[in-house]
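Peer 1: Please see the structure below; I have some questions.
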Amino acid sequence: MNRAVKHAVEKVNPAANHLAEMMNNRGFEYVYGPVASRRLGSSLGIDLVPFKICSYDCVYCQLGRTTSKTVKRKVYFDTKKILTEIQEKLTAGLAPNFVTLAGSGEPTLNSDIGEIISQIKKSTDIPVAVLTNGSLLGLKDVQKDLSAADLVIPSLDAGDEYLFNYINRPHPGISFKNMLQGLVEFSRVFEGKLWLEIFLLGGVNAIRSEVDKLALCSEKIAAEKIQLNTVSRPPAEEFAYAVETERLNYFQDYFPGNVEIISENWTTETTSAGLSQTSDTAILELLKRRPCTVQGISAGLNMKAAQVTKRLGVLCQNGKVIQTRINEQIFFEAEKSEQS
Ligand code: SF4
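Start counting at 1 in the sequence shown, then tack on 363, and there's your number in the working numbering.
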């Protein structure tokens, strides 16, 4: 365990030290999983930026509010270390369906993403996917960097500037017009697969007039398929409501081409390593002792934040954990019945 994590563990809870030792995921800093993904099957996740460094601050973000909103691309981590960890995981005999660049913020902000993709491609046949908010896809550098990926999944949540600002709360340097133009352009030059994710929020963009606008925008984007998604894990803001599956089904016909609803089946989620069950037990043990934020749990158990949020989604859905907002931060605690 590195010193920073160790320090954070002690700050969170001394009792977590013991758990952290038990749960230490072999000390991987940038690679997590494989985790079961609704869209990608078994996915080996790679974190390319520190926690919540992003060009957006989406109201529905499962990681909480953005701590550093930026459009500055740079090398955030030691690229060699990232590649070594990926190599180590892959030579351990894991065979995920995808190596996925995603994690705790916007991966295209890492200016070494192109190098990382090409090195992964040299060392394995496992396809590489990039989950991106799409805000930087208009940049030629980003287009070039992502060109070797097999699959890119960008997001589009609004059909005009007003809702774009309301839902995604972008960096001031990003306008709706430029973002959309970049997305359209990228979809035409990218030679791999592109799936467009549209995130619908109850009472915000999941209304006919807004879905009409989204459908018009998506017609311009050359996507192999469109995936309609909604809130399934605790969001950054309490007012970000999920849309019922019937409503998602209803809106499916509004969009062109191949449209799918991302199904919810969290209770059956597992990983090839059986990590989910172990993780849930460790998280519950920690939350029985005191409420924690995602970052607190992540530091306390030495788990990637993205992995923690996935497991919290399951635990909240199963009624084992509840969330509460204290001083503008979201905390999680074990349900009373779990405390005994
Ligand atoms: S949902 Fe993605 S794009 Fe939006 S704030 Fe969170 S990490 Fe950034």
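Virtual Cβ for every residue (Gly too), placed ideally from N, Cα, C.
Note that this is a predicted model, so its numbers are computed, not measured.
1. How big is the Cα-Cα spacing for Ala603 and Val491?
2. According to the neighbour-count rule (16 or more other Cβ atoms, all chains shown, within 10 Å of its Cβ), is Asp429 buried or exposed?
3. Are there three or more Cβ pairs, one per stretch, closer than 8 Å when the stretch 519-535 is compared with the stretch 571-588?
4. Below 7 Å, is the gap between the Cβ of Gly501 and the nearest heavy atom of the ligand SF4?
5. Helix, strand or coil: how does DSSP classify Ser498 here?
6. When we look at the beta-carbon of Thr593 and count the other beta-carbons within 10 Å, is it buried (16 or more) or exposed?
7. Starting from Lys507, trace the alpha helix (DSSP H) both ways and give me its first and last residue.
8. Please classify Cys421: does DSSP put it in a helix, a strand, or coil?
9. DSSP three-state call for Asn612: helix, strand or coil?
10. Taking buried to mean at least 16 other C-beta atoms within 10 Å of its own C-beta, is Asn681 buried or exposed?
11. Taking 7 Å as the cut-off, is the CB of Glu548 close to at least one heavy atom of the ligand SF4?
12. Helix or strand or just coil, what does DSSP make of Val412?
13. Would you tell me roughly how many angstroms separate the C-alpha atoms of Glu601 and Ile416, rounded to the nearest one?
14. Is Asp420 near the ligand SF4, going by C-beta to nearest heavy atom under 7 Å?
15. For the alpha helix (DSSP H) containing Phe527, name the first residue and the last one.
16. Tell me whether Val705 sits in a helix, a strand or coil according to DSSP, three-state version.
17. Comparing the CB of Gly468 with every heavy atom of the ligand SF4, is any distance shorter than 7 Å?
18. Taking the alpha-carbon positions, what's the Arg596 to Tyr525 distance?
19. In angstroms with no decimal places, state the Cα-to-Cα distance between Ile624 and Asn665.
20. So Phe461 packs on Ser510, CB below 8 Å; how close in whole Å?
21. Classify Gly427: buried if its beta carbon has 16 or more other beta carbons within 10 angstroms, exposed otherwise.
22. Could you tell me whether any non-hydrogen atom of the ligand SF4 is closer than 7 Å to the CB of Thr656?
23. For the alpha helix (DSSP H) that Phe549 lies in, which residues bound it at each end?
24. By DSSP, does Pro598 sit in helix, in strand, or in coil?
25. Reducing DSSP to helix, strand and coil, say where Leu688 ends up.
26. Identify every run of the alpha helix (DSSP H) within the stretch 433-459, keeping only runs that are complete inside it and at least 4 residues long; order them along the chain.
27. Judging by CA-CA distance, which residue of Ala512, Lys443, Lys556 and Pro598 is the nearest neighbour of Phe694?
28. Determine which residues share a DSSP beta bridge with Asn473 and list them.
29. With a threshold of 6 Å on Cβ separation, who are the neighbours of Leu354 within its own chain once the five nearest residues in sequence on each side are excluded?
30. For the stretch 497-504 against the stretch 388-403, are there 3 or more C-beta pairs whose distance is under 8 Å?
31. Taking the alpha carbon of Pro654 as the point to measure from, which residue in Lys667, Lys683, Ala669 and Gln670 has its own alpha carbon closest?
32. What's the gap between the Cα of Val677 and the Cα of Ala578?
33. Would you call the CB atoms of Val398 and Gln615 closer than 8 Å?
Peer 2: Straight from the coordinates:
1. Along the sequence shown, read from residue 1 onward, the residue named residue 603 stands at position 240. Along the sequence shown, read from residue 1 onward, the residue named residue 491 stands at position 128. Using only the alpha carbons, I get a separation of about 31 Å.
2. As a first step, residue 429 must be located in the sequence shown, where it is residue number 66. This sequence places Thr at residue 429; Asp is not what is there. Answer is buried; the Cβ neighbour count reaches 16.
3. yes
4. Residue 501 sits at position 138 when you count from the first residue of the sequence shown. Every heavy atom of the ligand SF4 is 7 Å or more from the Cβ of Gly501, so no.
5. Position 135 of the sequence shown, counted from the start, is the residue given in the question as residue 498. Coil.
6. By 1-based counting over the sequence shown, the position of residue 593 is 230. Thr593 comes out buried.
7. Walking along the sequence shown from the start, residue 507 turns up at place 144. Unbroken alpha helix (DSSP H) run through Lys507: Lys503 to Leu509.
8. Taking the first residue of the sequence shown as position 1, residue 421 is located at position 58. Coil, per DSSP.
9. Locating residue 612 in the sequence shown gives position 249, where the first residue counts as 1. Of the three classes helix, strand and coil, the one that applies to Asn612 here is helix, per DSSP.
10. Translated into positions along the sequence shown, residue 681 becomes position 318. Exposed.
11. Against the sequence shown, residue 548 aligns to sequence position 185. No, the beta carbon of Glu548 sits no closer than 7 Å to any heavy atom of the ligand SF4.
12. Counted from its first residue, the sequence shown places residue 412 at position 49. Correct three-state label for Val412: coil.
13. Position 238 of the sequence shown, counted from the start, is the residue given in the question as residue 601. Position 53 of the sequence shown, counted from the start, is the residue given in the question as residue 416. When rounded, the distance between both Cα atoms is 21 Å.
14. Reading the sequence shown from its first residue, position 57 is the one you call residue 420. Yes, the ligand SF4 has a heavy atom inside 7 Å of this Cβ.
15. Here the question's residue 527 lines up with position 164 in the sequence shown. Glu524 to Asn531 is the span of the alpha helix (DSSP H), which, as asked, contains Phe527.
16. The structure shown does not extend to residue 705, since the chain spans only 364 to 703, so no value can be given for it.
17. Translated into the one-based positions of the sequence shown, residue 468 becomes position 105. Yes - the ligand SF4 has a heavy atom lying nearer than 7 Å to the Cβ of Gly468.
18. In the sequence shown, the residue the question calls residue 596 occupies position 233. In the sequence shown, the residue the question calls residue 525 occupies position 162. Rounded to the nearest angstrom, the two C-alpha atoms are 25 Å apart.
19. Translated into the one-based positions of the sequence shown, residue 624 becomes position 261. Translated into the one-based positions of the sequence shown, residue 665 becomes position 302. If you take the alpha carbons of Ile624 and Asn665, they lie about 33 Å apart.
20. Looking up residue 461 in the sequence shown gives position 98. Looking up residue 510 in the sequence shown gives position 147. Not quite, the Cβ-Cβ distance comes to about 17 Å (not below 8 Å), so this is no contact.
21. Sequence index remark: in the sequence shown, residue 427 carries index 64 (1-based). Label assigned to Gly427: buried.
22. Against the sequence shown, residue 656 aligns to sequence position 293. For the ligand SF4, not one heavy atom lies less than 7 Å from the Cβ of Thr656.
23. Here the question's residue 549 lines up with position 186 in the sequence shown. Taken as a continuous stretch (DSSP letters only), the alpha helix (DSSP H) holding Phe549 covers Phe539 to Val552.
24. Residue 598 sits at position 235 when you count from the first residue of the sequence shown. Looking at Pro598 - three-state DSSP - the assignment turns out to be coil, as it is neither helix nor strand.
25. Position 325 of the sequence shown, counted from the first residue, corresponds to residue 688. In the sequence as presented, Leu is not what sits at residue 688; that position holds Arg. In the structure shown, Arg688 sits in a strand (DSSP, three-state: E or B).
26. 442-454
27. To locate residue 694, count along the sequence shown from 1; it is residue 331. Checking every option, the nearest Cα to that of Phe694 belongs to Pro598.
28. Within the sequence shown, the letter at position 110 stands for residue 473. In DSSP, Asn473 forms a bridge with Lys437.
29. This structure gives no information on residue 354, because the portion of the chain shown stretches from 364 to 703.
30. no
31. Reading the sequence shown from its first residue, position 291 is the one you call residue 654. Selected option, being the one with the closest Cα: Lys683.
32. Here residue 677 is taken as the residue at index 314 of the sequence shown, counted from 1. Here residue 578 is taken as the residue at index 215 of the sequence shown, counted from 1. Going by the C-alpha atoms only, they are around 31 Å apart.
33. Start at 1 with the first residue of the sequence shown, and residue 398 comes out as number 35. Start at 1 with the first residue of the sequence shown, and residue 615 comes out as number 252. Contact: no.
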